[in-house]
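Chains as they are written, first to last, in the working numbering: chain S, 896 to 1014; chain X, 896 to 1014.
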DNA sequence: TTATATACATAAGAAACTTGGGTATAAATT
DNA sequence: AATTTATACCCAAGTTTCTTATGTATATAA
């Protein structure tokens, strides 16, 4: 690829791990590039996961035992599929409720009128 | 104070500046310690802004020209009051919509069922 | 044949935290 | 009387998590 030079996308900081884990909970197995594309399509191009952020994050989650990998050849190209371990499955719920509760608090700070939506 | 040894509180990452600016939009002027207490009470003790995060953030916002300060003596103790500059007032809206839109995208990634709430 | 898309990876630097100090006054506990 | 807690500011070292910039390789589109 070309180097994206994105400027629209900045703040993720801490939520990337949760995003990865959640997508893998819904999808059984995914490879790195697929994750970037999924996020892009879910946000209509607004959030772009850079490779420099994604791959280290995947490696870290694997090192922590939350993900396992299996490598597969597809059209002479190597794909590295990731899926949740048992520990990983537990972590998804933990990370999700942590993040959702944080977002809730954030709304209460930033918008005094805010009431929890359809979540 | 004692050193908090909190473990409940971790992820803020990038939203602190927005929190500061928004609180100052609502309050005309506040001092640092007051901001930590306000956040604590708005979140029922769940989010604690550490001093090590807050003061550098305030100094940075001041250096960027978004905040001005005035020092005041209260009961022999020094307080440093912060308020928004004109640039700061513009930045609040920008930072707020950036964060709200980010949270929206995050919800769409993490919860496919999610619909925008009462925001 | 050159650029774009797919697919992986690493490394340097920046940004934004945490953790642990330090200083000082006032009020509350023991 | 002495210690702790609360109020109020500050800084520095270290860590985590990004961005930005590379590098490698194959397949497809212009």
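The beta-carbon is built from N, C-alpha and C at its ideal position, and this holds for glycine as well.
Among the options, the one whose alpha carbon lies nearest that of residue i
| i | options | result |
| --- | --- | --- |
| residue 1003 of chain X | S:925, S:932 and S:939 | S:939 |
| residue 994 of chain S | X:994, X:992, X:988 and X:1005 | X:1005 |
| residue 962 of chain S | S:915, S:1000 and S:910 | S:915 |
| residue 942 of chain S | X:1011, X:997 and X:1007 | X:997 |
Spatial neighbours of residue i in its chain, beta-carbon cut-off 7 Å, leaving aside the 5 residues before and after
| i | result |
| --- | --- |
| residue 949 of chain X | 927, 930 and 931 |
| residue 912 of chain S | 952, 956 and 990 |
| residue 999 of chain X | 1011 |
| residue 901 of chain S | Any reading at residue 901 of chain S must be qualified, since the residue scores a pLDDT of 34, below 50, and its modelled position is unreliable; the value itself is stated next. Taken in chain order, the residues that qualify are 943. |
| residue 934 of chain X | 914, 942 and 944 |
The alpha helix (DSSP H) enclosing residue i, as first and last residue numbers
| i | result |
| --- | --- |
| residue 953 of chain X | 946 to 958 |
| residue 961 of chain S | From DSSP, residue 961 of chain S is part of no alpha helix (DSSP H); its letter is neither H nor E. |
| residue 942 of chain X | Element bounds for residue 942 of chain X: n/a, residue is neither H nor E. |
| residue 924 of chain X | From DSSP, residue 924 of chain X is part of no alpha helix (DSSP H); its letter is neither H nor E. |
Whole-angstrom C-beta distance between residue j and residue i, which should lie under 8 Å
| i | j | result |
| --- | --- | --- |
| residue 976 of chain S | residue 965 of chain S | 5 Å |
| residue 987 of chain X | residue 917 of chain X | 6 Å |
Sequence-distant residues of the same chain with beta carbon closer than 6 Å to residue i, five excluded per side
| i | result |
| --- | --- |
| residue 979 of chain S | 919 |
| residue 924 of chain S | 976 and 978 |
| residue 983 of chain S | 961 and 962 |
| residue 1013 of chain S | For residue 1013 of chain S, the predicted structure reports a pLDDT of 45, less than 50, and the residue's modelled location is therefore unreliable. A value from the coordinates is still provided. None. |
| residue 903 of chain S | Here the model assigns residue 903 of chain S a pLDDT of 43, short of 50, so the residue's position is not dependable, and the following value carries that caveat. Closer than 6 Å at Cβ, skipping near neighbours: no residue. |
| residue 974 of chain X | 926 and 967 |
Contacting residues, own chain, Cβ-Cβ under 8 Å from residue i (five flanking each side not counted)
| i | result |
| --- | --- |
| residue 1009 of chain S | 1002 and 1003 |
| residue 899 of chain X | Because residue 899 of chain X sits at a pLDDT of 34, beneath the cut-off of 50, its placement in the model cannot be relied upon, and the following sentence gives the value as read from the coordinates. Cβ within range, chain order: 943 and 945. |
| residue 985 of chain S | none |
| residue 897 of chain S | Only weak support is given to the placement of residue 897 of chain S: the predicted model assigns it a pLDDT of 33, under 50, and the value that follows is read from those uncertain coordinates. Excluding sequence neighbours, residue 897 of chain S sits near nothing in its chain. |
| residue 910 of chain X | 994 |
Extent of the continuous beta strand (DSSP E) to which residue i belongs
| i | result |
| --- | --- |
| residue 980 of chain S | Where residue 980 of chain S is concerned, there is no enclosing beta strand (DSSP E), given that its DSSP letter is neither H nor E. |
beta-carbon residue i near the ligand ZN non-hydrogen atom, thresh 7 Å
| i | result |
| --- | --- |
| residue 972 of chain S | Among the ligands in the structure shown, none appear at all, so the ligand ZN cannot be discussed. |
Chain S contacts from the segment 933 to 945 of chain X (Cβ-Cβ distance under 9 Å): 933, 934, 937, 938, 939, 941 and 942
Near-chain X residues of the segment 945 to 968 of chain S (beta-carbon distance less than 7 Å), N- to C-terminal order: none
Contacting positions in the segment 980 to 997 of chain S - beta carbon closer than 9 Å to chain X: 991, 993, 994, 995, 996 and 997
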